[in-house]
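Just below is one structure, and these are the notes that go with it.
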Amino acid sequence: MNREKKLSYVLLLSLFVSLCTSFAEPTHAIVPVIQNVLVWQSDSDVIVNVTVYHTPVLVAHRVNRIEVNVSGTNHIFDLVQTTETFTYPCNIGPVEGTPSAQVRACCIVDDYSAWSAPFQIPEFPTSFLLLTFILSAVFAMFASRKFKSRCS
619 MNREKKLSYV LLLSLFVSLC TSFAEPTHAI VPVIQNVLVW QSDSDVIVNV TVYHTPVLVA
679 HRVNRIEVNV SGTNHIFDLV QTTETFTYPC NIGPVEGTPS AQVRACCIVD DYSAWSAPFQ
739 IPEFPTSFLL LTFILSAVFA MFASRKFKSR CS
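My numbering numbers the first residue of the sequence shown as 619 and each following residue consecutively.
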C-alpha cells in the first residue's frame, strides 16, 4: 500500500508540473537592431539620428543606452525606450573633418547590439556654404544685368 501511495504522489506531482509548464509561454527577446543612421547638422552641432528596433518593450526589458563611436571617442546617450521601433537624436557636438563613426544600442537584459556598419560624418562647412551662396547670388545678378543690356 505504501508503494502505491508513493506512486500516486509522483503521478500527481508530474501532472501538476506538466499543467503548470504547459501554460507558460517563453519570451523571444532579441538584441537591439540598428535599422538606420542619418547624419545631419543643427547650427554647429552634428546630430546622428539612430533608428532602433527591439522587442518586447517592458519596464525590465528595454533599450536604455545608445553609443556613438566617432574615431575612437564614445558618446553615450541614456534613454527610455517606449516603442518597438524608435528614432533617437544623438547630438555629438561640433565635428572637424570627415571622421568615421559607428553606433550600437544596449538592452538592460540582452546587452549590446553589434556595432553598425561604419559610416562617414560629412563635413558641414558653414563658411564655405555661405561663400558659395554669396558668389552664386553675385553671378546671378551679373548675368541678369548682361542679359538685360543685350535685350535693350
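Note that beta-carbon positions come from the ideal geometry of N, C-alpha and C, so glycine has one too.
For clarity, every value in this text was computed on a predicted model and none was experimentally measured.
- In the pairwise beta carbon analysis, the region 694-703 is classified as not touching the region 734-741: fewer than three pairs are separated by under 8 Å.
- When S632, R680, S626, I665 are compared, the shortest CA-CA separation from N709 is found for I665.
- The continuous beta strand (DSSP E) containing E685 extends over residues 681-688.
- The region 727-737 and the region 646-657 touch, with three or more beta-carbon pairs separated by less than 8 Å.
- Distance from the CA of D728 to the CA of N667, rounded to the nearest whole angstrom, comes to 22 Å.
- Rounded to the nearest whole angstrom, the CA to CA distance from P674 to E702 is 7 Å.
- Judged by beta-carbon spacing, N687 lies within the 8 Å limit of A719, meaning their Cβ atoms are closer than that value.
- The three-state secondary structure of S626, taken from DSSP, is helix.
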